[in-house]
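J.: Here you go, one structure.
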Amino acid sequence: MVKGSIKNSIFAWGWTLSVFLLVSYLLCIAFGVLAPERFHMHQAWAPLLPWFEWLTLSGFLAGAVGSFLYGWYIALIAVPLHRFFQARFS
Numbered sequence: 002m003v004k005g006s007i008k009n010s011i012f013a014w015g016w017t018l019s020v021f022l023l024v025s026y027l028l029c030i031a032f033g034v035l036a037p038e039r040f041h042m043h044q045a046w047a048p049l050l051p052w053f054e055w056l057t058l059s060g061f062l063a064g065a066v067g068s069f070l071y072g073w074y075i076a077l078i079a080v081p082l083h084r085f086f087q088a089r090f091s
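Right, here's the structure in full:
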């Protein structure tokens, strides 16, 4: 197996996780708009996303940006940790 640079791994995982979380966020918002109120999922997103407000443009954009940035945050922390432990235990 050829080892890529840590920068390439962070970029690959950053984009992968960011797009995954953004799509998940958009699906949850769409579900919340289409489903009855008792099935809304915005209560799950609200504590995790600063400035998120249900059904406002600014809240929607804040949630989308926050979801995307969480992917990069995870990649920046997880990839170096994974490489460290992989090198240590393999």
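When you read off a place in the sequence shown, starting at 1, and then add 1, the result is the number in the numbering used here. Backbone N, C-alpha and C fix where the C-beta goes; we use that ideal spot for every residue, glycine too.
1) What's the C-alpha gap between Arg-39 and Phe-90?
2) Tell me which residues share the same chain as Phe-32 and place their Cβ nearer than 7 Å to its Cβ, disregarding the 5 neighbours each side in the sequence.
3) Between the alpha carbons of Trp-73 and Glu-54, how many angstroms are there, rounded?
4) Out of Asn-9, Val-66, Ile-11, Phe-12, which has the shortest C-alpha to C-alpha gap to Ser-25?
T.: Let's see:
1) Separation of Arg-39 and Phe-90 (C-alpha to C-alpha, rounded to the nearest whole angstrom) is 47 Å.
2) Closer than 7 Å at Cβ, skipping near neighbours: Met-42.
3) Straight-line spacing of the CA atoms in Trp-73 and Glu-54 works out to 22 Å.
4) Closest by alpha carbon: Val-66.
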